[in-house]
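Enquirer: For the sequence shown, the numbering used here gives the first residue as 32, with consecutive numbering after it. Have a look at this one.
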Amino acid sequence: MDAAVLKEKIEKGEYSIDPKAVADAMLRRLRLVAQNECSYPANGSSASPNTTPVGP
Numbered sequence: 032m033d034a035a036v037l038k039e040k041i042e043k044g045e046y047s048i049d050p051k052a053v054a055d056a057m058l059r060r061l062r063l064v065a066q067n068e069c070s071y072p073a074n075g076s077s078a079s080p081n082t083t084p085v086g087p
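Written out as structure tokens, the structure reads:
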């Protein structure tokens, strides 16, 4: 929905919230955030986890 149309409906009192749609959107957002945090940790190092010394 266009933002201007949404604003107009809210101002006229013609907009009603669909609780199921809101809950679904919140859950999708939470899953996306959780997935991004796992895929791109903020404090993880980019160094290799291999701790075996190199050389003889």
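Using N, Cα and C, we set each Cβ at its ideal position, and we do this for glycine too.
Over the uninterrupted alpha helix (DSSP H) stretch that includes E45, give me the two end residues.
Expert: That residue, E45, is in no alpha helix (DSSP H); it is neither H nor E in DSSP.
Enquirer: According to DSSP, simplified to helix, strand and coil, what is M32?
Expert: In the structure shown, M32 sits in coil (DSSP, three-state: anything other than H, G, I, E or B).
Enquirer: Can you name, in chain order, every residue of its own chain whose Cβ lies under 7 Å from the Cβ of K43, other than the five neighbours on each side?
Expert: Taken in chain order, the list of residues that qualify is empty.
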